[in-house]
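A.B. asks: To convert, note that position 26 of the sequence shown is 80 in the working numbering; the numbers rise steadily by one, no gaps.
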Amino acid sequence: MTESVYKIIELVGTSTESWEKAAAAAVGLASKSLRDLRVAEVIQLDMTVEDGNIATYRAKLKVSFKYESGK
């Protein structure tokens, strides 16, 4: 079995509809530029409020992907 190394980054996705869509937006966009995404862990949920109403749902995620040495 070969050893693998994974890099972990934090992303924040936003949506005007839900936390689920905010998380999906972050993973969807990250998957366009990062290869071999493995795990996305929601670590924080919050929202922005304007005039007493929810304006934006935000999901902060830790996303891991396989690290390649560039050989």
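Idealized CB from N, CA, C, for every residue including glycine.
#1: Going by C-alpha distance, which of E57, S58 and I62 is nearest V93?
#2: Could you tell me the distance, in whole angstroms, from the CA atom of K75 to the CA atom of E122?
#3: Could you check what DSSP says for L83 in three-state terms: helix, strand or coil?
#4: Taking 7 Å as the limit between beta carbons, can you name the residues of its chain near K116, skipping five residues before and five after?
#5: Nearest CA to the CA of L91: which residue from S118, L83, A80 and L99?
C.D. replies: Let's see:
#1: I62
#2: 29 Å
#3: L83: helix per DSSP, three-state reduction.
#4: These residues qualify, in order along the chain: I62, E64, E95 and I97.
#5: S118
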